[in-house]
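Participant: What follows is a structure written as structure tokens; I'll ask about it next.
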Amino acid sequence: MDVTPEAVLAALRTAGVRRLIHGHTHRPASHVVDLGGTLAERWVLPDWDLDDAEPRGGFLEFVEGRPRLVFFD
Numbered sequence: 237m238d239v240t241p242e243a244v245l246a247a248l249r250t251a252g253v254r255r256l257i258h259g260h261t262h263r264p265a266s267h268v269v270d271l272g273g274t275l276a277e278r279w280v281l282p283d284w285d286l287d288d289a290e291p292r293g294g295f296l297e298f299v300e301g302r303p304r305l306v307f308f309d
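In short: position in the sequence shown from 1, add 236, done, that's our numbering.
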């Protein structure tokens, strides 16, 4: 399951922001979103499973003001 492009656009416009960070949809990634001439970012965080034989997870790190997805090995 993922959010719809329309919901992403509505959330960005309603909040008046150009960066949206949201919880996992099992598809962690970064996306460029066109707000009609203005570009915005959508960051999807990875899901966590620490109970499995090989734990997985991750987080969004900011280095010099720029976000970067980091995954646990």
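Idealized CB from N, CA, C, for every residue including glycine.
(1) By Cβ distance, which residues of its chain are closer than 6 Å to HIS267, with the 5 residues on each side in sequence left out?
(2) Pull up the distance between the alpha-carbon of ARG302 and that of ALA289, whole angstroms please.
(3) Let me know the secondary structure DSSP gives PRO303 once reduced to three states.
(4) Is it the case that the Cβ atoms of LEU281 and HIS260 are separated by a distance below 8 Å?
(5) Can you pull the DSSP bridge partners for HIS209?
(6) Just to confirm my understanding: we take ARG304, look at its own chain, exclude 5 residues before and 5 after, and list those with CB closer than 8 Å. What are they?
(7) So for GLU290, helix, strand or coil by DSSP?
Facilitator: Once the coordinates are examined:
(1) ARG278
(2) 32 Å
(3) Looking at PRO303 - three-state DSSP - the assignment turns out to be strand.
(4) The answer is yes: Cβ separation under 8 Å.
(5) The shown model of the chain, from 237 to 309, leaves out residue 209, and the question about it has no answer.
(6) LEU296, GLU297 and PHE298
(7) coil
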